[in-house]
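Number of protein chains: 2
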Amino acid sequence: MAEYNLKDQVSDKYSLRGRVFHKIREDILNGKYKQGEELREATIGEELGVSRTPVREAFRQLELEGLLKMVPNKGTYVTGITQKDVKDIYMIRSLLEGLCARLATENITPEQMNEMEENVYLSEFHESKGHFDQMAQLDNRFHEILYESCDSKMLEHLLRDFHQYVYRVRKMTLSSEKRGKASNLEHREIMESIKAGEADRAEKLANLHMINAYDNMLKNGLIEMFDQGNDNEGK
Amino acid sequence: MAEYNLKDQVSDKYSLRGRVFHKIREDILNGKYKQGEELREATIGEELGVSRTPVREAFRQLELEGLLKMVPNKGTYVTGITQKDVKDIYMIRSLLEGLCARLATENITPEQMNEMEENVYLSEFHESKGHFDQMAQLDNRFHEILYESCDSKMLEHLLRDFHQYVYRVRKMTLSSEKRGKASNLEHREIMESIKAGEADRAEKLANLHMINAYDNMLKNGLIEMFDQGNDNEGK
DNA sequence: TCCTGTATAATTGTATACAATTATCCCGAA
DNA sequence: TTCGGGATAATTGTATACAATTATACAGGA
Chain B
1 MAEYNLKDQV
11 SDKYSLRGRV
21 FHKIREDILN
31 GKYKQGEELR
41 EATIGEELGV
51 SRTPVREAFR
61 QLELEGLLKM
71 VPNKGTYVTG
81 ITQKDVKDIY
91 MIRSLLEGLC
101 ARLATENITP
111 EQMNEMEENV
121 YLSEFHESKG
131 HFDQMAQLDN
141 RFHEILYESC
151 DSKMLEHLLR
161 DFHQYVYRVR
171 KMTLSSEKRG
181 KASNLEHREI
191 MESIKAGEAD
201 RAEKLANLHM
211 INAYDNMLKN
221 GLIEMFDQGN
231 DNEGK
Chain Y
1 MAEYNLKDQV
11 SDKYSLRGRV
21 FHKIREDILN
31 GKYKQGEELR
41 EATIGEELGV
51 SRTPVREAFR
61 QLELEGLLKM
71 VPNKGTYVTG
81 ITQKDVKDIY
91 MIRSLLEGLC
101 ARLATENITP
111 EQMNEMEENV
121 YLSEFHESKG
131 HFDQMAQLDN
141 RFHEILYESC
151 DSKMLEHLLR
161 DFHQYVYRVR
171 KMTLSSEKRG
181 KASNLEHREI
191 MESIKAGEAD
201 RAEKLANLHM
211 INAYDNMLKN
221 GLIEMFDQGN
231 DNEGK
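Chains as they are written, first to last, in our numbering: chain B, 1 to 235; chain Y, 1 to 235.
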């Protein structure tokens with residue numbers, strides 16, 4: 001269940017509208033709805049067995065999250081992420097994940113520390129077995145733990161947003177075998193720095209972790225690939 | 001036009017619902033609706049002359065922005081900004097304004113550079129005359145120019161949000177006379193670094209600018225003052 | 001053929017109606 | 001008096017109805 005955990009942002013996760021919100025969100029992130037695609041309120045409502053009202057409310061929130069764009073009196077479209085956006089996000093995330101790691105060093109709870117260690121071990125195991133799906137999930141979770149550990153709602157919320165935003169891109173990136181290995185090592189180093197209470201080191205490593213992730217994407221040409229699906233969103 | 005413009009998160013700024021959204025937002029930021037206060041959909045709707053539907057949609061977005069909290073089947077409450085939130089925001093802003101200044105050094109246009117210089121001069125003038133209102137406005141604008149100059153929609157959007165978020169606090173801070181003078185000097189130094197193309201220096205100065213602003217708030221006890229209205233939000 | 005204007009259909013925007021849930025108040029019993 | 005319970009009112013959640021806007025199709029003329 002619930003990896004991407006919007007947690008408090010959408011309070012009523014199990015209400016009707018909450019489910020609508022999460023379902024649409026999932027369908028966007030999983031690629032069921034492509035970039036630039038138009039979503040009709042009535043159609044989505046029928047699919048989910050609800051009226052347009054909760055669908056519209058969900059749309060409004062997804063728009064603010066940046067996943068949808070509602071054009072007045074015209075329609076609602078799946079937002080495209082441009083190459084430039086991805087670059088900017090990784091630049092920003094590099095700084096903020098660094099800050100997050102620094103704060104986590106001071107504020108992480110023993111339970112969170114345990115889960116982070118376990119996460120690193122598990123991911124290394126699955127890497128050795130070539131289980132890419134599990135690795136992707138564990139990678140997600142690693143960052144979630146980090147966000148939860150910094151004890152800052154603001155930062156947590158912000159980083160989670162960005163994390164989600166590049167979800168589709170990241171998924172492709174991680175299937176690159178070499179990066180999986182390198183990423184695991186970086187996770188381990190971050191984890192150990194936090195455990196050792198070395199805030200400066202944790203911050204720098206987390207900075208680097210993002211930069212490396214982005215560089216890897218560039219090298220593999222994954223961004224260009226990703227950007228293509230974006231062009232037909234043109235006008 | 002329009003790739004999606006996160007700048008106008010709420011695209012239809014001048015539509016009915018858009019106006020509802022901005023009006024409620026303004027009323028929260030200006031303090032008309034106090035922290036912890038319950039907002040009734042029907043009441044707000046009557047005040048603005050609309051039905052509950054657009055009000056609810058606005059609520060949903062304001063919830064995601066963190067200004068409101070909707071409790072299912074109970075009500076909608078104005079979210080408080082805690083002392084901790086303000087601290088976190090300034091920590092985050094310190095990093096991001098630094099990044100923004102760095103990027104601005106590379107991407108600022110001549111027109112923007114001119115406006116920034118003019119802004120600095122004007123603010124120094126008004127400072128000498130004790131025109132605090134104008135200074136506050138120019139301070140706002142200085143940061144706006146900086147955000148526009150970095151040529152990153154993502155970063156611009158983010159910083160603008162935070163800027164707004166601490167609007168009430170900032171307004172109080174700037175009326176402190178000494179800080180106005182110091183702030184002006186810092187603006188000047190940032191401006192000159194950008195003009196000279198010294199990205200590293202601009203980044204560091206912008207970092208510091210935020211830290212100083214926050215420290216000043218602490219010294220003057222403005223945060224504690226601000227936090228009080230927050231306590232009765234209790235459980 | 002290609003453009004254009006108009007009628008029609010489809011879709012969004014808002015208001016209203018009704019259902020579900022929660023809060024309030026009053027009354028009676030201990 | 002104080003506590004509990006139940007009826008009533010108030011509020012939110014969702015569905016539906018209608019208005020406003022936009023897209024589509026088709027006919028007619030250059």
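The C-beta atom is built at its ideal place from N, Cα and C for all residues, glycine as well.
C-beta contact flag for residue i and residue j at 8 Å
{"i": "Ser183 (chain Y)", "j": "Asp215 (chain Y)", "result": "no"}
{"i": "Val78 (chain Y)", "j": "Tyr147 (chain Y)", "result": "no"}
{"i": "Gln61 (chain B)", "j": "Gln61 (chain Y)", "result": "yes"}
{"i": "Leu238 (chain B)", "j": "Ile92 (chain Y)", "result": "Here chain B comprises residues numbered 1 to 235, so residue 238 (chain B) is not present and cannot be evaluated."}
{"i": "Ser149 (chain Y)", "j": "Ala104 (chain Y)", "result": "yes"}
{"i": "Ala101 (chain Y)", "j": "Ala206 (chain Y)", "result": "yes"}
{"i": "Val55 (chain Y)", "j": "Val20 (chain Y)", "result": "yes"}
{"i": "Ser169 (chain B)", "j": "Val50 (chain B)", "result": "Note that residue 169 (chain B) is Val in the sequence shown here, rather than Ser. Result no, Cβ atoms of Val169 (chain B) and Val50 (chain B) do not sit closer than 8 Å."}
{"i": "Ile190 (chain Y)", "j": "His209 (chain Y)", "result": "yes"}
{"i": "Phe142 (chain B)", "j": "His187 (chain B)", "result": "yes"}
{"i": "Thr266 (chain Y)", "j": "Glu38 (chain Y)", "result": "In this structure chain Y extends from 1 to 235, so residue 266 (chain Y) is not present and cannot be described."}
{"i": "Leu99 (chain B)", "j": "Glu203 (chain B)", "result": "yes"}
{"i": "Tyr167 (chain Y)", "j": "Leu29 (chain Y)", "result": "yes"}
{"i": "Lys181 (chain B)", "j": "Glu127 (chain B)", "result": "yes"}
Under the three-state DSSP convention, the category residue i falls into
{"i": "Thr53 (chain Y)", "result": "helix"}
{"i": "Val71 (chain Y)", "result": "strand"}
{"i": "Thr82 (chain B)", "result": "coil"}
{"i": "Tyr90 (chain Y)", "result": "helix"}
{"i": "Cys100 (chain B)", "result": "helix"}
{"i": "Glu198 (chain Y)", "result": "coil"}
{"i": "Asp151 (chain B)", "result": "coil"}
{"i": "Asn119 (chain B)", "result": "helix"}
{"i": "Val169 (chain B)", "result": "helix"}
{"i": "His44 (chain Y)", "result": "One point to set straight first is that residue 44 (chain Y) is Ile, not His, in the sequence displayed. Here Ile44 (chain Y) sits in helix by DSSP."}
{"i": "Gly180 (chain B)", "result": "helix"}
{"i": "Gly31 (chain B)", "result": "coil"}
{"i": "Thr105 (chain Y)", "result": "helix"}
{"i": "Gly221 (chain B)", "result": "coil"}
{"i": "Gly18 (chain B)", "result": "helix"}
{"i": "His238 (chain Y)", "result": "Absent from the model: residue 238 (chain Y). The displayed extent of chain Y is 1 to 235, so no value can be given."}
CB contact check: residue i to chain B, cutoff 8 Å
{"i": "Gln61 (chain Y)", "result": "yes"}
{"i": "Arg56 (chain Y)", "result": "yes"}
{"i": "Met217 (chain Y)", "result": "no"}
{"i": "Glu189 (chain Y)", "result": "no"}
{"i": "Ile92 (chain Y)", "result": "yes"}
{"i": "Met154 (chain Y)", "result": "yes"}
{"i": "Leu48 (chain Y)", "result": "no"}
{"i": "Lys205 (chain Y)", "result": "According to the sequence shown, residue 205 (chain Y) is Leu rather than Lys. Not closer than 8 Å to any Cβ of chain B, the Cβ of Leu205 (chain Y) fails to qualify, so no."}
{"i": "Leu122 (chain Y)", "result": "no"}
{"i": "Leu158 (chain Y)", "result": "yes"}
Residue i at chain Y interface by Cβ criterion, 8 Å
{"i": "Glu186 (chain B)", "result": "no"}
{"i": "Ile89 (chain B)", "result": "yes"}
{"i": "Gln228 (chain B)", "result": "With a pLDDT of only 49 at Gln228 (chain B), under the threshold of 50, the placement of this residue in the model should not be trusted; the figure read from the coordinates follows. Not one chain Y Cβ lies under 8 Å of Gln228 (chain B)."}
{"i": "Glu65 (chain B)", "result": "yes"}
{"i": "Asp85 (chain B)", "result": "yes"}
{"i": "Leu29 (chain B)", "result": "no"}
{"i": "Leu96 (chain B)", "result": "yes"}
{"i": "Leu138 (chain B)", "result": "no"}
{"i": "Leu99 (chain B)", "result": "yes"}
Status (buried if at least 16 other CB within 10 Å, exposed otherwise) for residue i
{"i": "Asp88 (chain B)", "result": "buried"}
{"i": "Lys219 (chain Y)", "result": "exposed"}
{"i": "Asp133 (chain B)", "result": "exposed"}
{"i": "Glu3 (chain B)", "result": "Only weak support exists for where Glu3 (chain B) lies, its pLDDT of 25 falling under 50; the coordinates are left without a value."}
{"i": "Glu118 (chain B)", "result": "exposed"}
{"i": "Arg40 (chain Y)", "result": "exposed"}
{"i": "Glu111 (chain B)", "result": "exposed"}
{"i": "Ala196 (chain B)", "result": "exposed"}
{"i": "Gly221 (chain Y)", "result": "exposed"}
{"i": "Glu156 (chain B)", "result": "buried"}
{"i": "Gly130 (chain Y)", "result": "exposed"}
According to DSSP, residues forming a beta bridge with residue i
{"i": "Glu38 (chain Y)", "result": "Y:Tyr77"}
Proximity test, residue i beta-carbon vs the ligand ATP heavy atom, cut-off 7 Å
{"i": "Arg160 (chain Y)", "result": "No copy of the ligand ATP occurs in the structure displayed, which carries no ligand at all."}
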